[in-house]
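In my numbering, the protein residues as written are 25 to 152.
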């Protein structure tokens, strides 16, 4: 820890340059956790009509400027039956007039949220 305001400012500047390198692995780990739990949830809630849906759950991590984000969901571009089932992802997740929502990914995201927040705090805290 810096002993002067100028030293603290230098520490913050140095930490700022390293934030992306410590945050990206946390975002990837969180995305993997949500994907895996979402697949488990989908396996438990999908019957024969959605039997390929769990394997269609995938993620991408993108960086734009200072933003690192993960897009987790049903991969519509997956080959064969996976892609066909992925097209039902919105109905499986949010429901329809005749089907209740499963919220497989929503529940996985809610479960991961406190672990993700703690991991981000720990990663950034190590920089200071």
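Heads up, the beta-carbon is just placed ideally off N, CA and C, and yes, glycines get one too.
TODO: Return the first residue and the last residue of the alpha helix (DSSP H) that residue 68 is part of.
DONE: Residue numbering aside, residue 68 sits at position 44 when the chain shown is read from its first letter. Run containing residue 68: 29-69, per the alpha helix (DSSP H) assignment.
Open item on the list: By the DSSP assignment, the beta strand (DSSP E) with residue 95 in it spans what residues?
Closed with: Within the chain shown, the letter at position 71 stands for residue 95. From DSSP, the beta strand (DSSP E) with residue 95 extends over 91-98.
Open item on the list: For the structure I just gave you, are there three or more beta carbon pairs, one from the stretch 84-95 and one from the stretch 120-139, closer than 8 Å?
Closed with: No: fewer than three Cβ pairs fall under 8 Å.
- [ ] List the endpoints of the continuous alpha helix (DSSP H) containing residue 146.
- [x] On the chain shown, residue 146 is found 122 positions in, with the first residue counted as 1. Residue 146 -> alpha helix (DSSP H) spans 128-151.
- [ ] Go to residue 110, then tell me how far its alpha helix (DSSP H) extends in each direction, as first and last residue.
- [x] Indexing the chain shown from 1 puts residue 110 at position 86. For residue 110, the enclosing alpha helix (DSSP H) stretches over residues 104-110.
- [ ] Below 6 Å CB to CB, which residues in the same chain sit around residue 120 once its five sequence neighbours on both sides are set aside?
- [x] In the chain shown, counting from the first residue as 1, residue 120 sits at position 96. Taken in chain order, the list of residues that qualify is empty.
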